[in-house]
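Heads up: the sequence shown runs through residues 17 to 367, numbered per my numbering. Structure record follows, encoded as structure tokens.
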Amino acid sequence: MAEFGFNEHHQNEVISYMRFARSKRVLRLKTIDTCFEELKDSRLVEETFTVDEVREMLEGLQAVVGGEVETELINTAHTNVLLLRQLFSQADKFFLRLQTDISELENRELLEKVAEFEKTDFKTTNKVNQESSKPRLVPLNEGGVSELLNKEITRLQEENEKLKSRLRNLESQAMNVLDEKTRAERALKDLQKVQGDQQGATREQDLSSLESTVAALKEDYERTLNVNAASQKDLQQNLVSAKHDLLRVQEQLAMAEKELDKKFQQTAAYRNMKEILTKKNEQIKEIRKRLQSGLQGFQVCRSASMRNTANRETQPGNHRLSSPFFAAQSPDSRATPKHNLRGKHLAIFMV
Numbered sequence: 017m018a019e020f021g022f023n024e025h026h027q028n029e030v031i032s033y034m035r036f037a038r039s040k041r042v043l044r045l046k047t048i049d050t051c052f053e054e055l056k057d058s059r060l061v062e063e064t065f066t067v068d069e070v071r072e073m074l075e076g077l078q079a080v081v082g083g084e085v086e087t088e089l090i091n092t093a094h095t096n097v098l099l100l101r102q103l104f105s106q107a108d109k110f111f112l113r114l115q116t117d118i119s120e121l122e123n124r125e126l127l128e129k130v131a132e133f134e135k136t137d138f139k140t141t142n143k144v145n146q147e148s149s150k151p152r153l154v155p156l157n158e159g160g161v162s163e164l165l166n167k168e169i170t171r172l173q174e175e176n177e178k179l180k181s182r183l184r185n186l187e188s189q190a191m192n193v194l195d196e197k198t199r200a201e202r203a204l205k206d207l208q209k210v211q212g213d214q215q216g217a218t219r220e221q222d223l224s225s226l227e228s229t230v231a232a233l234k235e236d237y238e239r240t241l242n243v244n245a246a247s248q249k250d251l252q253q254n255l256v257s258a259k260h261d262l263l264r265v266q267e268q269l270a271m272a273e274k275e276l277d278k279k280f281q282q283t284a285a286y287r288n289m290k291e292i293l294t295k296k297n298e299q300i301k302e303i304r305k306r307l308q309s310g311l312q313g314f315q316v317c318r319s320a321s322m323r324n325t326a327n328r329e330t331q332p333g334n335h336r337l338s339s340p341f342f343a344a345q346s347p348d349s350r351a352t353p354k355h356n357l358r359g360k361h362l363a364i365f366m367v
């Protein structure tokens, strides 16, 4: 069995299973032989048989032999399942996951090697010694499995010790954190106490300062009542200072207004309005100049008319005006009032 890679222990286990399978196979073959013998003894008692009788005997023998073979095959499959159960149970104890390859069960080469092993090595061994020294499937608490268990226990103990040491480290760290927290709480309480004392002292100082201020105000009030003249002088000074403040405020307001006017003058709307007003003023000045020119001409004409009138009055019988301006005019006396009325209208427009 060296070509299968079995050690001595596993080889003995395989031999034990093959013996078990062979014994079951021999027993089942004996059962089949018994079926044939029973058929011979019970049915083959006559010299000749008909075709129907032979067919009936063969069918009955087929049913019996088929049932025995089927029972054996089913039993073999079930025993194989129980064997795998034992192996898997032991593997689970060590957290192993076994895998099987079903295709290898029909490998003709391996099957021939197993048959060769059964013919040679298996038959040459001493059956009696093997039966007596045949080891069973070793439980977990016996044989070589105990060594694996001890190793696993040792590994688990080492891991447990590591976890314990880690737990101790975590506990020490937690204790350190708790100590630091306690110290911090104590320091906080001390600080709050000191702050409370300082606040109390500050309140006392504020109270004493307030009392002194009240006392000073009371003294000032009494002094004010006792010295009316000084109080009036102080009031006058306060009034003067208030006036100065008022003047300063007014000056500031004036400056602010100037600043606002300056800012307003810098705006586009103000510039446009200023340009419009400038143009209007220039137009008004031009109109005034024209009116002034017309008024001066009118006054000149009026003066000339008055002189002509005076000359006419000084010369009897001469009713015509000698001025060229009135040469074409009618001698009617209504000409002079018209010119006077026009002069009045021009004077009113200028005003």
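We put the CB at the ideal spot given by N, CA and C, even for glycine.
Residue 84 is positioned such that its CB atom lies closer than 7 Å to that of residue 48. Residue 117 sits in coil when the DSSP states are folded into three classes, being neither helix nor strand. With a cut-off of 8 Å on Cβ pairs, the region 110-126 is not in contact with the region 21-34, counting fewer than three such pairs.
With respect to the 7 Å criterion, residue 51 and residue 70 are not classified as neighbours on the basis of their beta carbons. The alpha-carbon of residue 195 is positioned some 34 Å away from that of residue 218.
In the structure shown, residue 64 adopts coil according to DSSP, grouped into three states.
Shown here, residue 248 sits in a helix according to DSSP, grouped into three states. For residue 47, the uninterrupted alpha helix (DSSP H) run begins and ends at 24-59, by DSSP. With 16 or more other Cβ atoms inside 10 Å of its own Cβ, residue 321 counts as buried. Separation of residue 207 and residue 197 (C-alpha to C-alpha, rounded to the nearest whole angstrom) is 15 Å. Shown here, residue 111 sits in coil according to DSSP, grouped into three states, outside any helix or strand. Just so you know, the alpha carbons of residue 23 and residue 114 end up roughly 18 Å apart.
Under the three-state reduction of DSSP, residue 136 is assigned to coil, being neither helix nor strand.
Per DSSP, reduced to three states, the secondary structure at residue 96 is helical. For residue 282, the three-state secondary structure derived from DSSP is coil. When the five nearest sequence neighbours on each side are left out, the beta carbons in the same chain lying within less than 7 Å of the beta carbon of residue 44 are those of 84, 88, in order along the chain. In the structure shown, residue 123 falls within a coil segment according to DSSP collapsed to helix, strand and coil.
Nearest neighbour of residue 39 by Cα position, chosen from 62, 59, 65, 91, turns out to be 91. One thing to note: residue 60 has its Cβ no nearer than 7 Å to the Cβ of residue 77. Our two residues, residue 276 and residue 283, have alpha carbons roughly 11 Å apart in a direct line. Between the beta-carbon of residue 168 and that of residue 104 there is about 18 Å, and that puts the pair past the 8 Å contact cut.
Residue 260 and residue 290 have their C-alpha atoms some 37 Å from each other. From the listed residues 73, 209, 265, the smallest Cα separation to residue 58 is found for 73. In this structure, the straight-line span from the alpha carbon of residue 324 to that of residue 314 is close to 15 Å.
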